[in-house]
Amino acid sequence: MTKVIWNKSAKNTVRAFSEDVRKEIGALLMILQQGRNLGMPQSKPMKQVHSSAFELRIKDGAGIYPVFYVLFDRGKILIPHAFTKKTQKTPPKEIDTAKKRLRRLIDETQ
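Note that the sequence shown covers residues 116 to 225 in this note's numbering.
Below, the structure written as structure tokens:
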């Protein structure tokens with residue numbers, strides 16, 4: 116099964132989400148770990164972060180909970196960033212944070 120490698124801050128952010136949101140994130144990650152692909156509306160490409168980056172798209176009545184992930188090498192899913200937003204647009208600072216954290220995760224896993 117594919118290994119999920121989290122940025123510590125991203126993992127802590129997800130832990131603060133509601134139980135329902137966490138369960139949905141877990142279910143979507145399980146699908147990815149089984150080697151299956153996700154499409155819209157659950158996942159969309161995030162080329163602004165990395166050529167292989169995607170955004171898990173979880174919504175509830177309180178907001179939107181993006182979780183960025185990269186299918187990296189064989190058998191690894193990197194999760195550099197997660198956050199909460201109220202609008203469809205992803206703020207540039209969140210993209211910048213994801214890029215920085217992803218570079219560190221890549222360096223740590225090689």
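Note that beta-carbon positions come from the ideal geometry of N, C-alpha and C, so glycine has one too.
Values in this document were obtained by computation on a predicted structure and should not be read as measured data.
Out of curiosity, what's the CA-to-CA distance linking residue 101 and residue 142?
Only positions 116 to 225 of the chain appear in the structure, and residue 101 is not among them; the question remains open.
Considering residue 190, what are the terminal residues of the beta strand (DSSP E) in which it resides?
Careful: residue 190 lies outside any beta strand (DSSP E) and carries neither H nor E.
Please state the DSSP three-state secondary structure of residue 125.
DSSP, reduced to helix, strand and coil, places residue 125 within a helical segment of the structure shown.
Residues near residue 200 in its chain [Cβ-Cβ closer than 6 Å; skip 5 each side]:
If you ignore the 5 residues before and after residue 200, its C-beta comes within less than 6 Å of the C-beta of 179, all in its own chain and listed in chain order.
Distance between residue 207 and residue 198 (C-alpha atoms, nearest Å):
Going by the C-alpha atoms only, they are around 13 Å apart.
Relative to the alpha-carbon of residue 173, which residue among 183, 211, 166, 195 has its alpha-carbon at the smallest distance?
Of the candidates 183, 211, 166, 195, the one whose C-alpha sits nearest the C-alpha of residue 173 is 183.
Would you tell me roughly how many angstroms separate the C-alpha atoms of residue 203 and residue 129, rounded to the nearest one?
19 Å
Using 8 Å as the threshold, is the C-beta distance between residue 216 and residue 122 below it?
Yes, they are a contact pair.
Would you check if the distance between the CB atom of residue 195 and the CB atom of residue 177 is smaller than 8 Å?
No, the Cβ-Cβ distance between residue 195 and residue 177 is not below 8 Å.
Can you tell me whether residue 171 is helix, strand or coil according to DSSP?
strand
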